[in-house]
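Working notes for the structure below.
Written out as structure tokens, the structure reads:
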């Protein structure tokens with residue numbers, strides 16, 4: 025972060041499901057609420073200008089960086105990033121790389137965000153693969169604020185991960201949980217098919233061994249699938265393929281429960297008898313499964329933070345993602361991650377006994 | 025199956041969480057209800073004899089095969105199977121291999137059951153790896169009986185699976201769903217991180233290509249994590265590591281929801297207001313997540329069926345597992361699977377372009 029100016033977010037306003045209106049509304053609100061933020065709206069000035077005119081905002085805390093290219097949700101990320109050098113997500117990452125912003129927030133195409141960060145922003149030394157992290161609702165609460173969710177990573181930045189990649193994910197997840205939830209020593213575990221150190225595919229067994237010897241991470245060993253809804257640990261580490269399946273499954277379960285809880289017949293009874301308490305119990309279950317309220321998913325591995333808000337994000341969710349991005353930028357996670365990663369055995373050593 | 029005798033189950037009575045009493049109770053009940061079944065109780069006669077004396081049963085439909093060795097839940101499967109040649113699960117598999125029984129049912133150690141089957145029972149020609157299948161609760165119903173669950177495999181027989189293994193799992197899962205649910209053409213999908221044919225790790229992409237060209241399977245393409253609770257297809261195929269995580273996660277979610285629904289405060293209100301309908305709605309959610317009622321998990325890949333009931337199974341669940349085993353035995357799945365597998369490109373061809 026540059027001294028002498030407020031923490032600055034490059035907010036990619038294009039590409040989300042709702043177009044720029046929700047991002048612009050979030051920015052306007054933050055400009056009034058948070059004198060310690062500055063937001064650079066990245067996107068089509070022709071659209072953003074009139075949207076801003078409709079809103080109340082603090083002009084000194086908002087600026088606009090025009091570009092008329094962006095990546096839409098259904099585009100192939102690799103093709104779009106190659107074909108559109110001025111895509112809004114690339115411009116936002118460039119602003120960070122130029123030192124004009126401290127973090128990026130986008131609710132656009134996830135794959136494009138990962139590629140843009142990889143192309144424009146500096147990778148943390150020692151980190152071979154970026155990871156996309158997400159919060160999952162849990163029964164147990166976490167950290168000093170009793171957050172009802174845990175962090176899961178990688179949920180899809182890349183499909184496979186070596187043992188050393190998993191260790192790097194563990195370090196990055198712990199640093200992020202520490203920065204965001206204020207938990208001084210988050211517990212971290214590897215997702216496997218058994219709690220014993222020898223359980224799981226080779227890369228999980230290797231990561232287990234490395235983490236057991238790494239004092240920088242509060243390693244709790246392996247957890248199993250049932251520990252995800254329970255929330256036995258603060259950070260769960262796995263590869264991007266498995267993490268993606270798990271995350272989407274939780275999303276599907278949330279939708280199914282919502283449908284059951286919203287069943288008209290059941291609701292009629294709730295209303296008639298005024299059983300607000302029971303109704304609020306059902307709402308609690310739904311809420312625990314609705315993580316749009318918890319900001320966005322960080323793409324970890326870059327010196328500066330980049331937060332991917334859900335494509336369906338409304339203004340509140342984008343605002344939360346911006347607050348999370350500022351917290352992450354101020355925590356200076358990059359340096360901490362770099363130091364911890366330097367303690368992990370080098371990839372060459374690992375390569376020697378890899379097939 | 026041998027002609028001229030009733031369908032015969034070798035029921036491993038040892039090693040479940042509740043000891044032999046539940047298995048013996050299930051067998052006694054079936055002997056009265058089902059004149060078309062015969063059950064061979066495999067286990068310690070010193071324990072089983074007195075248990076039977078306490079129960080009503082039809083002696084002509086039960087027999088006893090004594091052994092005083094068995095594998096307990098917390099033993100290492102490989103070590104126990106090597107050290108105990110007369111372990112009850114090995115004896116049960118031997119009875120099938122000798123033609124004296126048509127199927128095995130066990131509620132003991134899962135790993136030991138897989139090893140025992142591999143050691144004693146014939147593998148279906150062309151099947152390289154066995155798979156453990158399980159039912160998962162779904163919002164949509166399946167088959168002519170509107171079953172509220174789908175089949176997921178492999179859930180942990182082995183950790184990794186090649187493209188050809190996944191195709192074999194698809195064939196076996198379809199044959200089993202057909203035999204058990206009476207669905208003439210169950211839909212089968214690969215679990216991946218996107219629905220497109222190119223999405224997923226190499227083995228999933230390869231399996232997708234092979235399945236798209238295999239008329240024996242009603243292939244529906246890839247599904248994502250959210251399709252598991254929705255139940256978009258009848259059979260979901262993945263490797264044993266991912267399947268194990270998914271299955272245990274569903275189990276954990278079921279437990280968390282049960283705890284929330286059983287919350288004493290909420291229950292008091294339900295009772296006081298006699299809201300049996302709402303209460304039954306909650307019970308429905310719980311029930312959908314309680315798959316103990318749906319028999320057991322088949323270990324697929326052997327000429328004769330072997331069904332693994334949950335370790336916690338009570339008599340009803342073990343009885344259901346026996347009924348499922350009889351259905352599977354009568355469907356002669358082995359031959360059907362063999363025919364379909366013979367249509368899949370040989371492993372040599374696959375090896376040629378594998379790394």
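Residue numbers (my numbering), protein chains in the order written: chain A, 25 to 379; chain B, 25 to 379.
A virtual CB, placed ideally from N, CA and C, is assigned to each residue, including glycine.
Asked                                                                                                                                 : Found
Reduced DSSP secondary structure (H/G/I, E/B, other) of residue 44/B                                                                  : helix
N- and C-terminal bounds of the beta strand (DSSP E) containing residue 163/B                                                         : 155-166
Residue range of the unbroken beta strand (DSSP E) whose run includes residue 174/B                                                   : 171-177
Element boundaries [alpha helix (DSSP H), containing residue 252/A]                                                                   : 251-254
Enclosing alpha helix (DSSP H) for residue 343/B [first to last residue]                                                              : 339-355
Counterpart residues of residue 323/B in DSSP-defined beta bridges                                                                    : 156/B
Beta-bridge partners of residue 61/B, as assigned by DSSP                                                                             : 31/B
DSSP three-state assignment for residue 393/A, whether helix, strand or coil                                                          : An answer regarding residue 393/A cannot be provided, because it is not within the stretch 25 to 379 covered by chain A.
Inter-residue CB distance, residue 133/B and residue 166/B (contact presumed, cutoff 8 angstroms)                                     : Not confirmed; about 30 angstroms, so no contact.
Beta carbon proximity, residue 276/B to chain A, threshold 7 angstroms                                                                : yes
Own chain, CB closer than 6 angstroms to residue 71/B, minus 5 neighbours either side, in chain order                                 : 44
Inter-residue Cα distance where the pair is residue 67/A and residue 124/A                                                            : 16 angstroms
Supposed close pair residue 56/B, residue 365/B - CB separation, criterion 8 angstroms                                                : Not confirmed; about 39 angstroms, so no contact.
Any 3 or more C-beta pairs closer than 8 angstroms across the stretch 181-189 of chain A and the stretch 141-159 of chain A           : yes
Assigned exposure category for residue 237/B - 16 Cβ within 10 Å defines buried                                                       : exposed
Residues, ordered as in the chain, of the stretch 176-197 of chain B that lie near chain A by beta-carbon distance below 8 angstroms  : 180, 183 and 184
Validate contact between the stretch 79-88 of chain A and the stretch 104-119 of chain A using beta carbons, cut 8 angstroms, 3 pairs : no
As assigned by DSSP and simplified to three states, the class of residue 363/A                                                        : helix
Environment of residue 385/B [buried if 16+ CB atoms lie within 10 Å]                                                                 : Within the shown structure, residues of chain B are numbered from 25 to 379, placing residue 385/B beyond reach of any answer.
Where the alpha helix (DSSP H) containing residue 105/A begins and where it ends                                                      : 101-107
Residues near residue 22/B in its chain [Cβ-Cβ closer than 6 angstroms; skip 5 each side]                                             : The structure shown does not extend to residue 22/B, since chain B is modelled only from 25 to 379, so the question has no answer here.
CB contact flag (residue 261/A, residue 324/A, <7 angstroms)                                                                          : no
Member of 78/B, 81/B, 37/B and 75/B whose CA lies at the smallest distance from the CA of residue 93/B                                : 37/B
Chain B contact for residue 296/A (CB, 7 angstroms cutoff)                                                                            : The predicted model places residue 296/A with a pLDDT of 43, which falls under 50 and marks its position as unreliable, so this point remains unresolved.
Cβ-based burial, residue 205/A [other Cβ within 10 Å; buried from 16]                                                                 : buried
Proximal residues of chain A, C-beta to C-beta of residue 98/B below 7 angstroms                                                      : None at all; the shortest Cβ gap to chain A is about 11 angstroms.
Min CB distance residue 269/A to chain B below 7 angstroms                                                                            : yes
Cβ-based neighbour list, residue 360/A, same chain, cut-off 7 angstroms, excluding 5 preceding and 5 following                        : 199
Rounded Cβ spacing between residue 49/B and residue 79/B (contact assumed at less than 8 angstroms)                                   : 6 angstroms
Residue from 209/B, 368/B and 129/B with nearest C-alpha to residue 168/B                                                             : 209/B
Identity of the residues DSSP links to residue 111/A by a beta bridge                                                                 : 93/A
Interface residues of chain A facing residue 15/B [CB-CB closer than 7 angstroms]                                                     : Since the first residue of chain B shown is 25 and the last is 379, residue 15/B is not available in this structure.
Nearest residue (CA-CA) to residue 82/B, options 75/B, 334/B and 51/B                                                                 : 51/B
Partner residues on chain A for residue 246/B, Cβ-Cβ distance less than 7 angstroms                                                   : Those do not exist, as residue 246/B stays about 11 angstroms from chain A at its closest Cβ, beyond 7 angstroms.
C-alpha gap between residue 436/A and residue 129/A, whole angstroms                                                                  : Only positions 25 to 379 of chain A appear in the structure, and residue 436/A is not among them; the question remains open.
Every unbroken beta strand (DSSP E) inside the stretch 191-220 of chain A [3 residues or more]                                        : 211-215
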